[in-house]
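Here is the structure we will look at.
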Amino acid sequence: MIDIVYKILLALLSCWEIWLCYRLLYATVLEKENLTKWNYAMICLSVLISGIWLGWNRSTLFFSFPMPYTIMIIVTICSWVIQRSQLVLKFEIIGNYFIFVAVMDYLLAFLSTVLYEEEFGEKVYYSSSLLQIGIFFCTRFFVMIIIENIGEWRKAGETDIRDLRKVLIIAVFLGSIVLYVYQHGLQLIAIGKSGYQGGIWFLSLICILFIFATILGICVKGRLIRQENLYLYQKKQMMHSYYQEIVSNQERNRELIHDMKNHLLILQEYHAQGNLQGIGMYLDELSEELKSGKTEVWTGNQVTDIVLNRKKGIAKEKNIRMDIKTEAVDQWILSDRESCSLFGNLLDNAIEACEQMEEKRWIEVIIHCQQSILFLEISNSINEKPVIEQGRFLTHKEETGSHGLGLKSVKRIVERYDGDIAYQIGNKMFCIKITMYGVEK
């Protein structure tokens, strides 16, 4: 009876372990909101079957080196079938997860050797004991806390998990070596051939984890610094371009003012001839020229206004009519980086969609702020309805590697402000509506 309860507990802990792996995938690469009922059924089935199999394996041996890699492959295949993208990245994340869980099990096992010494093999390694169950439970509880923090980091951070792919693949390789070496050490202690030096193994493993965590921290910090430098460079370039545009507009206005006496002479001549149509056309021409030299203030936020003015200029060059309906905002809730990323990505997508149109190219931007709530609506003409699969927009372009990254960046910003995104697709029209709240969560 005790043996049956022990195996059931192991199976439950193993199912919990695999379920936590999917939680990690939700927090990194698996888009949970796009999963169907069939996807959830497949996940539950894989958790149940893999968990029972892994629990049965652990009932015979504390750790089997081939078993985690078998589970890695099963979970990777299952996650890829659910969302057929980023297969290698998913394997890297899943591989690091199971290696980390195993290393945590090793740490507690080596710590228990200090307490039990020569009785470690009998009471922990080969025994169906509550101590072994306790080791597995504590490890998975600790891992659950880390995964929850990773989810929060993903919402708040600017670094994408794809930026750490080189680190992840190296970690899988080095982690596998560490598992092999320390499994051998644990076996030697269990059979009494290592002089019961569990404390030394424990301290050495702690040092390895500390070194890897330091390297990972340096890589993430370096990536953030590079992103910050790139943003500052882009902002500098954008500000320089904006300044050049203002100088050019001022020069054009000075030329118009300098030539005003000549314009007045022409208007007087038209008046003398009674040519009212000529006067109207000439005034329209002057008005259009003055308008083209005007730099608009749309929201009062400098970066946002620069992006709107630049994108409107680009749209005009591409023969796209762009209308902006907004108001001055007293309290702009977005940072400069977020404003640049949000409006830049959305307007780039809108301009790209309009370029596919032969005629009736248009974009409409509506920005409204009320009581620290920001409403944004961007509509544009489209040649054909976008293809949506599992809640994701697909592309017809040959180069698909970076497709969707802009919208993912937009979604992260909206999630950061506990906001909502809604899409509306009509006849030759696509509209994205975003609501964000001033109190950041």
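Residue numbers (my numbering): 7 to 447.
By construction, the Cβ of each residue, glycine as well, lies at the ideal position given by its N, Cα and C atoms.
Remember, it's a predicted structure, so these values are computed and weren't measured experimentally.
Cα-Cα, which of the options is closest to residue i?
{"i": "Asn40", "options": "Ser70, Tyr186, Arg90 and Lys322", "result": "Arg90"}
{"i": "Ile369", "options": "Leu380, Leu170 and Lys331", "result": "Lys331"}
{"i": "Phe69", "options": "Ile49, Val120, Gly198 and Leu113", "result": "Leu113"}
{"i": "Arg367", "options": "Trp44, Leu382 and Asn389", "result": "Asn389"}
{"i": "Arg391", "options": "Ile384, Lys199 and Met435", "result": "Looking at the sequence itself, residue 391 is Lys, so the reference to Arg does not match. Ranking the options by Cα distance to Lys391, first place goes to Met435."}
{"i": "Ile312", "options": "Glu128, Ser347 and Ala278", "result": "Ser347"}
{"i": "Met110", "options": "Ala17, Cys375, Tyr12 and Gln189", "result": "Gln189"}
{"i": "Leu354", "options": "Leu413, Asn307 and His374", "result": "Inspection of the sequence shows that residue 354 is occupied by Asp rather than by Leu. Comparing Cα-Cα distances from Asp354 to each of Leu413, Asn307 and His374, the minimum goes to Leu413."}
{"i": "Cys375", "options": "Asn315, Asn307 and Ser415", "result": "Asn307"}
{"i": "Val416", "options": "Leu340, Trp207, Asn351 and Val149", "result": "Asn351"}
{"i": "Tyr28", "options": "Phe126, Leu117, Val149 and Phe116", "result": "Val149"}
{"i": "Thr310", "options": "Ile326, Thr220 and Gln337", "result": "Gln337"}
{"i": "Tyr12", "options": "Val94, Leu209, Ser135 and Ile206", "result": "Ser135"}
{"i": "Glu358", "options": "Ile326, Lys172 and Tyr423", "result": "Ile326"}
{"i": "Tyr423", "options": "Glu158, Phe116 and Pro72", "result": "Glu158"}
According to DSSP, which residues form a beta bridge with residue i?
{"i": "Arg327", "result": "Trp368"}
{"i": "Met435", "result": "Ser387 and Gly432"}
{"i": "Asp426", "result": "Thr441"}
{"i": "Leu222", "result": "Bridge partners of Leu222: none, in fact."}
Expressed to the nearest angstrom, what Euclidean distance is found between the alpha-carbon atoms of residue i and residue j?
{"i": "Arg334", "j": "Tyr276", "result": "Arg is not the amino acid found at residue 334; the sequence shown has Ala there. Between Ala334 and Tyr276, the C-alpha separation is close to 41 angstroms."}
{"i": "Trp22", "j": "Cys84", "result": "17 angstroms"}
{"i": "Ile379", "j": "Gly280", "result": "55 angstroms"}
{"i": "Ile88", "j": "Tyr429", "result": "23 angstroms"}
{"i": "Lys324", "j": "Gly223", "result": "44 angstroms"}
{"i": "Trp304", "j": "Met78", "result": "52 angstroms"}
{"i": "Ala226", "j": "Leu174", "result": "What sits at residue 226 in the sequence shown is Val, not Ala. Going from the Cα of Val226 to the Cα of Leu174 covers about 12 angstroms."}
{"i": "Glu364", "j": "Ala33", "result": "41 angstroms"}
{"i": "Val107", "j": "Ser20", "result": "11 angstroms"}
{"i": "Thr119", "j": "Leu211", "result": "14 angstroms"}
{"i": "Leu30", "j": "Glu154", "result": "8 angstroms"}
{"i": "Trp6", "j": "Trp25", "result": "What is shown of the chain runs 7 to 447, which leaves residue 6 out entirely."}
{"i": "Asp9", "j": "Ile195", "result": "24 angstroms"}
{"i": "Glu383", "j": "Ile372", "result": "5 angstroms"}
{"i": "Tyr288", "j": "Ile427", "result": "46 angstroms"}
{"i": "Cys360", "j": "Ile14", "result": "59 angstroms"}
{"i": "Phe381", "j": "Val420", "result": "11 angstroms"}
{"i": "Ser65", "j": "Ser133", "result": "9 angstroms"}
{"i": "Phe147", "j": "Pro74", "result": "18 angstroms"}
{"i": "Gly61", "j": "Leu121", "result": "25 angstroms"}
{"i": "Gly425", "j": "Tyr443", "result": "6 angstroms"}
{"i": "Met328", "j": "Ala177", "result": "49 angstroms"}
{"i": "Ser385", "j": "Ala356", "result": "8 angstroms"}
{"i": "Val130", "j": "Ser52", "result": "29 angstroms"}
{"i": "Val35", "j": "Lys96", "result": "7 angstroms"}
{"i": "Gln362", "j": "Ser387", "result": "9 angstroms"}
{"i": "Ile152", "j": "Glu98", "result": "17 angstroms"}
{"i": "Glu128", "j": "Arg343", "result": "59 angstroms"}
{"i": "Trp59", "j": "Ala17", "result": "8 angstroms"}
{"i": "Thr220", "j": "Phe143", "result": "27 angstroms"}
{"i": "Glu234", "j": "Ser341", "result": "13 angstroms"}
{"i": "Arg232", "j": "Leu314", "result": "26 angstroms"}
{"i": "Ile431", "j": "Lys439", "result": "11 angstroms"}
{"i": "Ile55", "j": "Ile80", "result": "10 angstroms"}
{"i": "Phe349", "j": "Asn433", "result": "24 angstroms"}
{"i": "Leu93", "j": "Gly198", "result": "42 angstroms"}
{"i": "Gly191", "j": "Gly205", "result": "12 angstroms"}
{"i": "Asn63", "j": "Ala115", "result": "17 angstroms"}
Just verifying my parser: in three-state terms, what is the DSSP assignment at residue i?
{"i": "Thr441", "result": "strand"}
{"i": "Thr406", "result": "Caution is warranted here: a pLDDT of 43 is assigned to Thr406, below 50, making its placement in the model unreliable, and the coordinate value is therefore given only provisionally. DSSP places Thr406 in coil when its eight states are reduced to three."}
{"i": "Tyr122", "result": "helix"}
{"i": "Gly350", "result": "helix"}
{"i": "Phe381", "result": "strand"}
{"i": "Gln376", "result": "strand"}
{"i": "Asp336", "result": "coil"}
{"i": "Ser70", "result": "coil"}
{"i": "Gln362", "result": "coil"}
{"i": "Gly205", "result": "helix"}
{"i": "Glu23", "result": "helix"}
{"i": "Ile197", "result": "coil"}
{"i": "Gln89", "result": "coil"}
{"i": "Trp59", "result": "helix"}
{"i": "Val35", "result": "coil"}
{"i": "Thr451", "result": "Outside the displayed range of the chain (7 to 447) lies residue 451, so it cannot be described from this structure."}
{"i": "Thr310", "result": "helix"}
{"i": "Asn281", "result": "coil"}
Counting only beta-carbon separations shorter than 8 angstroms, does residue i have a partner in chain C?
{"i": "Ile427", "result": "Although the question refers to chain C, the structure presented lacks it and comprises just one protein chain."}
Three or more beta-carbon pairs under 8 angstroms between the stretch 168-182 and the stretch 100-109, yes or no?
-> yes
Is the number of C-beta pairs between the stretch 139-150 and the stretch 211-220 that are closer than 8 angstroms three or more?
-> no
Within the chosen definition, does the stretch 281-289 reach the stretch 307-319 through at least 3 CB pairs nearer than 8 angstroms?
-> no
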